[in-house]
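These notes are about the structure you will find just below.
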Amino acid sequence: MRAYDPRVLFAELVDAAGRVASTSKRLQKIGILGELLAKMSAQEVAIAGAFLTGGPRQGRIGIGPALLHQVRPAAAGAASLTIDEVDASLGAIAAVSGGGSGTARAEMLGALLGRATEAEQDFLRRLLFGELRQGALEGVVAEAVAKAAGIPAAAVRRALMVSGSLGEVAAAAIHGGGERALSALGVELFRPLQPMLAQTAATVSEALSLLGEASLEAKLDGARVQVHKSGSEVRVFSRRLNDVTVAVPEVVEAVSALPARELILDGEVIALRGDGTPHPFQVTMRRFGRKLDVDGLRGELPLSPFFFDCLWLDGASLLGAPQRERAVALAGLLPPELRVERLVTADAAAAEEFLRATLARGHEGVMAKGLDSPYEAGSRGASWLKIKQAKTLDLVILAVEWGSGRRQGWLSNLHLGARDPEGTIVDATYPEAPGWVMLGKTFKGLTDEMLTWQTERLLALETRRERHVVFVRPEVVVEIAYNDLQESSTYPGGLALRFARVKGYRHDKAPQDADTIATVREAYTRATGLPAP
29 MRAYDPRVLF AELVDAAGRV ASTSKRLQKI GILGELLAKM SAQEVAIAGA FLTGGPRQGR
89 IGIGPALLHQ VRPAAAGAAS LTIDEVDASL GAIAAVSGGG SGTARAEMLG ALLGRATEAE
149 QDFLRRLLFG ELRQGALEGV VAEAVAKAAG IPAAAVRRAL MVSGSLGEVA AAAIHGGGER
209 ALSALGVELF RPLQPMLAQT AATVSEALSL LGEASLEAKL DGARVQVHKS GSEVRVFSRR
269 LNDVTVAVPE VVEAVSALPA RELILDGEVI ALRGDGTPHP FQVTMRRFGR KLDVDGLRGE
329 LPLSPFFFDC LWLDGASLLG APQRERAVAL AGLLPPELRV ERLVTADAAA AEEFLRATLA
389 RGHEGVMAKG LDSPYEAGSR GASWLKIKQA KTLDLVILAV EWGSGRRQGW LSNLHLGARD
449 PEGTIVDATY PEAPGWVMLG KTFKGLTDEM LTWQTERLLA LETRRERHVV FVRPEVVVEI
509 AYNDLQESST YPGGLALRFA RVKGYRHDKA PQDADTIATV REAYTRATGL PAP
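Heads up: the sequence shown begins at 29 in the numbering used here, then just goes up one per residue.
Written out as structure tokens, the structure reads:
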């Protein structure tokens, strides 16, 4: 029997995360994390699993970027916080509600950060910003759990597929009896599964060449939901496995009316306009941000559920069944108005027409799914491919962040700005770049060659540094592909890019040739039919 220190210091986790970020060697990452997890209690393992994969256990805790920026306490002299103390503090912050809750949360966060070292403060800020990309992704943590428990990694991965909680799997593996405890984990109603995710194909022709005959489905830009039903009880879970049942009574009513006694369904909910075209993603998400007056908001902004997969039916798991069988089960259960539109084809011309028609209805693209593929919970499977229509903007780099993991030593995450020739928007974050408006960040799409070039070029343009951020003169133009624009309270221009990635540097363009914030606002209005903020 191992002896566990019930008070592992938060600094030990921060140090381990830093060492993981400094190496590109997977086995070394696993060793570092396995050693850390092996000395933890079950409670600490659950907390560490959440932190190392990029978020607090509580999910969103009501601390947005603006509030986070306001809290700037001095660093404590020495490490004293334990992992469970940090978790308890975040839980207490998340529980605050009512009038003055923003001020109360800020004070509580300030007290927590005031007890933290500078390295711990940086880790917490990045954790709450959702920017903690230290290389310890879920797959690496899962293998570290296996190492700490002394069991095969495949056993941990299998258990993770049917459990929505890495912490639960880790605690069972390390403290609950190892592989035997994991084998007892199975699909349970009202314990959400991790959703299967998709890889990307550039065109439907490419997708068909990889999959052969495939199921094409409309890709809706809504909120991913997983719905569980047992008898008269129905509960709805978000993509992040949070219980959102109270926010979506339309979904509860629709699934309650289905004839099956037990169900687990995977799908999307989306807000539609009167003509059947979708509202922007952020409009749909308004329904998930308010716990009070759900009935009133439902009248203003009704939601429509659309399902594309059936994972459990009347006592039997369908996870291992091929996609074609799960589609038959779904069609036998749900009326057409509750199912995502679907076409099975191997013909590229028919697939192109399906994509064109789907885009014309305002949706963001299509999904192509292999007909013989199982449902790989928690996996980004090669048998699911997404094909979307990307838009592009020419933007200027305002700042850049040092990379981590295999990008250690390179400038990686780009801060992107549009031109404001009228100078009407002031962005205090970038005082060295007047006349530019921040729209978002991205580190995606960069090759090693591009990373090498931009590190040298942007260091030559450096004006100042703030922790891991290098601010630069706004002289480099980059072509950015993105999926959508959304309203943003974070950026002074009121808009932010969704799923931005680098297409390439525009060496042929000067900063004055970059797109303006007026162009960005026009694109938002064209896409949404709404006035830009």
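Glycine included, C-beta positions come from ideal geometry on N, C-alpha and C.
Judged by beta-carbon spacing, Gly468 lies within the 7 Å limit of Ala524, meaning their Cβ atoms are closer than that value. Per DSSP, reduced to three states, the secondary structure at Leu329 is coil, with no helix or strand assignment.
Here Asp271 is bridged, per DSSP, to Phe265. Here DSSP, grouped into helix, strand and coil, assigns Leu248 to coil.
By the Cβ-count criterion, Asp249 is buried, with 16 or more other Cβ atoms from all chains shown falling within 10 Å of its own Cβ. In the displayed model, Ala106 falls within coil according to three-state DSSP, outside both helix and strand. Looking at the DSSP output, Leu300 shares a beta bridge with Pro306. Look at Ile453 here: in three-state DSSP terms it is coil, with no helix or strand label. Counted as a single uninterrupted DSSP element, the alpha helix (DSSP H) harbouring Gly119 occupies residues Ile111 to Ala123. By the criterion of a C-beta distance shorter than 7 Å, Leu366 is surrounded in its chain by Ala282, Pro333, Phe334 and Phe335, once the five residues flanking it on both sides are discounted. In the structure shown, Gly126 adopts coil according to DSSP, grouped into three states. Each of Val424, Ser440, Leu156 and Leu423 was checked against the Cα of Trp430, and the nearest Cα belongs to Ser440. Leu137 is positioned such that its CB atom lies closer than 7 Å to that of Val99. The count of Cβ pairs closer than 8 Å, one atom from the region 36 to 49 and one from the region 57 to 75, reaches three, so the stretches are in contact. Distance from the Cα of Ala242 is smallest, within the candidate group Met224, Glu484 and Ala378, for Ala378.
By a beta-carbon distance limit of 8 Å, Arg485 contacts Val504. Their separation comes to about 6 Å.
Taking Leu361 as reference, the option from Gly205, Ala418, Glu290 and Ala226 with the minimal CA-CA separation is Glu290.
DSSP places Met395 inside the beta strand (DSSP E), whose first and last residues are Gly393 to Gly398. Residue Ala177 holds the alpha-carbon nearest to the alpha-carbon of Ala199 among Gln254, Thr556, Phe265 and Ala177. Checking the DSSP bridge columns, you'll see Asp337 partnered with Asp294. When DSSP states are grouped into helix, strand and coil, Gln351 belongs to the helix group. DSSP, reduced to helix, strand and coil, places Ala374 outside both helices and strands of the structure shown, so it counts as coil.
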